[in-house]
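Student:
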Amino acid sequence: MGTAASTTTASDVKLRVEHVGMVFDRDGKSVSVLEDINLDVRDGEFICLVGPSGCGKSTLLNVMGGFLSPTSGSVTIDREVVRGPDPRRILVFQERGVFPWLTVEGNIGFGLSKLSATERNERIAHYVQMVRLHGFEHSYPSDLSGGMKQRLQVARALAVNPDILYLDEPFGALDSITRLIMREELLRIWQTERRTIIFVTHDIDEAVQLADRVVVLSSRPAKIQDVLTIDIPQPRNISSARYLEHRDDLLKKIGLAYTV
Amino acid sequence: MILSRNVESPRERRSLRRRLHLWARESAKAIVPEHKSTELGKTNRWRASSLLVRLRPVAFIAVLLVVWQIAVNRHPEQLLPGPWGVVLGIGDLLRHGLLVKYVVASLFRVTWGFLLAAVIAIPLGLTIGWYRRAEMALNPLVQIFRPISPLAWIPIAILWYGVGDLAAIFLIFVGCFFPLLLTAMSAVHNVAPVYVNVGRNFGLSTPDFIYRVLYPAVAPQLITGSRITLGIAWLVVVAAEMIAVNSGLGFLIIDARNAGNRYDLVIAGMVVIGAIGFLLDLAMRSLERVKSFRWGYSEN
C-alpha cells in the first residue's frame, strides 16, 4: 500500500525526483548522503519527509529547492529541470529566516519589489491578515515571538505566489503548544491557497496530522524506505482509531529505520 | 547523604544571603537614621539615589580636580599648571581665535582621512571577504601591513606629500584603512547563510542582493568597526600634526611646549582632544540605536 505513490499519472505530476544521489566531500572523504531517491509529487499535494535525524532530509529539500545540485539524477518541476533557487518555489527555514532589519511589512513585501506600490500594499495587507499579524505591521522581528516569526516567514513566502513551498522543520524550534497552533494555521492556509507543500519534520505526529503522504527516509545514506498515504480527511481527529493506526504504522517504519 | 547536602546547600546559601542583607540594613541604619517610609518618601529616596548614581562620575572628576589643584599649590616650583590654569589657557586660546581654528583643522583632516579610507576599504573588504579565493590570496599581505603603526609611515608621508594637510590626511588614511578592511572582511563572514539563501530564493539581481541583503546584514558590524576606527583616526591626527603640519590640536601641543613651555596650553590641548574624541564616539554610538541596525547588537 505504501508504494501507491508511483501510480500517479505523468500528467498531474508537479515535481519529480529521479535517481537523485548526493555525495559530499568532507575532509577528503566522500560521504554519501542521498542514494537513488525517486519521488513524484502531485500538484497541491502535502508531502512530509520524515527520517532519523541527520539522515539527509534537509539535503533532499535543498536539492529540490535548487540550493544544492545533486551529484547524480535530477529534479524536474513542470517537466523543467531545476537548476537553482527560484521565486516560484520558496524555502521556509527553521530559524532566523526573517530579516531582522525589516519590519513585518518590509519582510512580507521583500519579494514584491516589482509590483506597484498599491498592489504591493494590498498583497502585504492580505497576508498580514492571513497569518494573523495585524497590529504588528511596523514591528521588528526582535519584538515578535518565535511562532510569530515563523508565521511571518510563511507569509513572506506566500506573498510571492509560489507554486511550491518547502518547509524545513519550520516549527522545530517552537514550544509544543505553539507548534500545535502553527500546524492548524498551516493547514488552514494550505486549504485556502492549495500550494504544493514539501514539509521536513522529525515529528511523527506532525507528519500524520498534516500530510497526504509521508515519505520515510532511511538513515544515511538516505533512501526512500516507504511512502505512506494518510487517507483521513482534514481536520483529522488525532484520537481516532484510524489516526492512531497510521501513527503506529509510521512509528514501526521509523523504528525499523533505527534498528537496521 | 549527597542528596541531603544538595537540598541543604541552596537553603544555606539563602540564609547567608539573608544574613548579609540584614547586616547591610543594620549598618545602613547606623549611618543614615531611617525615616518613616511612606510611599512618597520611597519615590523621593529612589529619585535621589538615581540622581546620585548619575552624578557619581561627575563627582569623581571634581574630586580629582581638587586633588590636582591642591597638589599643584603645594609645589609651585613645578611647571605643571593646575586645573584653573588650564581653564585660563583655554580662555586664552579662545580669545586669540586659535582654538576653533585648530579644532576645525584637526576635524577636517580626520574627516577626509577617515572617509577616504572608508570609501575604499569597506567595499574592498566586503569583496575580498565574499570571495574565499581573494581572501586566501590577500590575507597574508593585509596581516603584514596591519601591525605597522601609522606613525611609521610619517617619513614616507612627508617624502610623498611634503609638509602639509595631504601628509596628515594620508597618515590618517593609512591608520584607518586596515582596521576598516578587516572589519568589512569579517562582517561578510558573519552574515548568516540563511539571509544569503533567502536572497537567492527570491531571485534578487546582484545589485539588489548587495543593497537589500548584504549591506543591511553587515551594517551593524561596520558601524562598530567604524566607531573604533574613528577613535584611531583621532589618535593619529594628533601625532601627524606634531610633525607634518603647523596647525591643529597636535601642533598646538608641540608648539606650546617649544615656544616657551606653556604647559597650560599643552594640557588645554589634551583636554580639548579628549572632549572631542568623546563626542565623536557618542555620535557614532547613537547610530547603533537606529532601529534597523539595532538587531545586530543584541541576542536575537
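Chains as they are written, first to last, in my numbering: chain A, 284 to 543; chain B, -1 to 298.
C-beta: ideal position from N, C-alpha, C; glycine also.
Every value quoted in this text rests on a predicted model; they were computed, and no experiment measured them.
(1) Can you tell me which of A:I521, A:K535, A:V510, A:S425 puts its alpha carbon nearest to the alpha carbon of L463 (chain A)?
(2) Do you know offhand how far L53 (chain B)'s Cα is from A257 (chain B)'s?
(3) Name the chain A residues whose beta carbon is nearer than 8 Å to that of F200 (chain B)?
(4) If we require 4 or more residues per run, which alpha helix (DSSP H) segments fall completely within the region 201 to 274 of chain B?
(5) Please give me, in chain order, every unbroken run of the beta strand (DSSP E) with length at least 3 that falls completely inside the region 409 to 485 of chain A.
(6) Could you tell me which chain B residues have their CB closer than 8 Å to the CB of S425 (chain A), listed as they occur along the chain?
(7) Just list the residues that DSSP pairs K312 (chain A) with in beta bridges.
(8) Kindly list the residues whose CB is nearer than 6 Å to the CB of G275 (chain B), restricted to its own chain and excluding five residues on each side of it in sequence; keep chain order.
(9) Would you identify the three-state DSSP class for L332 (chain A), choosing helix, strand or coil?
(10) Between the Cα of R371 (chain A) and those of B:R198, B:P214, B:A242, B:L212, spot the shortest distance and give me the residue it belongs to.
(11) Give the straight-line distance between the Cα atoms of A182 (chain B) and G127 (chain B), rounded to the nearest whole angstrom.
(12) Taking 8 Å as the threshold (C-beta atoms), are I320 (chain A) and V300 (chain A) in contact?
(13) Using a beta-carbon distance below 8 Å, is G380 (chain A) in contact with chain B?
(14) From the beta carbon of A190 (chain B), is the nearest beta carbon of chain A less than 8 Å away?
(15) When the cut-off is 8 Å and only beta carbons count, does F419 (chain A) lie next to chain B?
(16) Output yes if chain A places a C-beta closer than 8 Å to the C-beta of V256 (chain B); else output no.
(17) Alpha carbon to alpha carbon, how far is L322 (chain A) from H187 (chain B)?
(18) Between the C-alpha atoms of E388 (chain A) and R403 (chain A), what's the straight-line distance to the nearest angstrom?
(19) For Y209 (chain B), which residues in chain A fall below 9 Å Cβ to Cβ?
(20) Whose Cβ in chain B lies nearer than 7 Å to the Cβ of F376 (chain A)?
(21) Helix or strand or just coil, what does DSSP make of N544 (chain A)?
(22) Assuming R130 (chain B) is part of the alpha helix (DSSP H), what are its boundary residues?
(23) Any Cβ of chain B within less than 8 Å of the Cβ of F350 (chain A)?
(24) By the three-class DSSP mapping on this structure, what secondary structure does A505 (chain A) have?
(25) Applying the 10 Å Cβ sphere with the 16-neighbour rule, what's the burial state of Y295 (chain B)?
(26) When you compare only the Cα positions, how much space is there between R477 (chain A) and G327 (chain A)?
(27) Can you find a CB in chain B that lies within less than 8 Å of the CB of P383 (chain A)?
(28) Evaluate R260 (chain B) with the Cβ neighbour count: other Cβ atoms within 10 Å of its Cβ, from every protein chain shown; 16 or more gives buried, anything less gives exposed.
(29) Going along the chain, which residues of the region 165 to 188 of chain B sit with their C-beta nearer than 7 Å to a C-beta in chain A?
(30) Mind checking which residues open and close the beta strand (DSSP E) that includes I360 (chain A)?
(31) With 8 Å set as the bound, which would you pick, yes or no: does the beta-carbon of P214 (chain B) sit closer than that to a beta-carbon of chain A?
(32) Check whether the Cβ atoms of G111 (chain B) and I156 (chain B) lie closer than 8 Å to each other.
(33) Use the C-beta contact count for M347 (chain A): other C-beta atoms within 10 angstroms, 16 or more gives buried, fewer gives exposed.
(34) Would W473 (chain A) and F329 (chain A) qualify as a contact pair, given that the criterion is a beta-carbon distance under 8 Å?
(35) Quick one: what's T512 (chain A) bridged to in DSSP?
(36) Beta-carbon within less than 6 Å of V306 (chain A)'s beta-carbon, same chain only, minus the 5 sequence neighbours each way: which residues are those?
Tutor: Taking the structure as given:
(1) The candidate whose alpha carbon is nearest that of L463 (chain A) is A:I521.
(2) Approximately 39 Å, taken between the alpha carbons.
(3) Residues of chain A passing the Cβ test: P370, I373, F393, G394, V443.
(4) Listed in chain order, the complete alpha helix (DSSP H) runs (minimum 4 residues) inside the region 201 to 274 of chain B are 204 to 207, 213 to 241, 247 to 256.
(5) Fully enclosed beta strand (DSSP E) runs of 3 or longer: 447 to 451, 479 to 483.
(6) Going along chain B in sequence order, the residues near S425 (chain A) (Cβ under 8 Å) are R292, W293, S296, N298.
(7) Paired residues: A:R309.
(8) Hits under 6 Å: W232.
(9) Here L332 (chain A) carries a strand assignment [DSSP, helix/strand/coil].
(10) Minimum Cα distance to R371 (chain A) is reached at B:R198.
(11) CA-CA distance, A182 (chain B) to G127 (chain B), rounds to 7 Å.
(12) One thing to note: V300 (chain A) has its Cβ within 8 Å of the Cβ of I320 (chain A).
(13) Yes - at least one Cβ of chain B is within 8 Å of the one on G380 (chain A).
(14) At a cut-off of 8 Å between C-beta atoms, A190 (chain B) counts as an interface residue with respect to chain A.
(15) Proximity of F419 (chain A) to chain B, defined by a Cβ-Cβ separation below 8 Å, is not satisfied.
(16) With the sequence shown as reference, residue 256 (chain B) is identified as Asn, and Val is not the correct amino acid for it. Not one chain A Cβ lies under 8 Å of N256 (chain B).
(17) Rounded to whole angstroms, L322 (chain A) to H187 (chain B) spans 36 Å at the Cα level.
(18) E388 (chain A) and R403 (chain A): Cα-Cα distance of roughly 10 Å.
(19) The premise fails here: Y209 (chain B) is roughly 11 Å from chain A at the closest Cβ pair, so nothing lies under 9 Å.
(20) Within chain B, the residues near F376 (chain A) are V192.
(21) Outside the displayed span of chain A (284 to 543) sits residue 544 (chain A), for which this structure offers no information.
(22) Element bounds for R130 (chain B): 130 to 143.
(23) Answer yes: the Cβ-Cβ gap between F350 (chain A) and chain B drops below 8 Å somewhere.
(24) DSSP, read as helix, strand or coil, puts A505 (chain A) in strand.
(25) Here Y295 (chain B) is exposed. Its C-beta has fewer than 16 other C-beta atoms within 10 Å.
(26) Between R477 (chain A) and G327 (chain A), the C-alpha separation is close to 5 Å.
(27) P383 (chain A) counts as touching chain B.
(28) Around the beta-carbon of R260 (chain B), 16 or more other beta-carbon atoms lie within 10 Å, marking it buried.
(29) Within the region 165 to 188 of chain B, no residue qualifies.
(30) Following the DSSP letters along the chain, one finds I360 (chain A) inside the beta strand (DSSP E) bounded by residues 355 to 360.
(31) Yes, its Cβ sits closer than 8 Å to a Cβ of chain A.
(32) The answer is no: Cβ separation not under 8 Å.
(33) Buried is the call here.
(34) Yes, these two residues count as a Cβ contact at 8 Å.
(35) BP columns for T512 (chain A) point to A:R496.
(36) So the list reads S313, S315, T354, once near-sequence residues are dropped.
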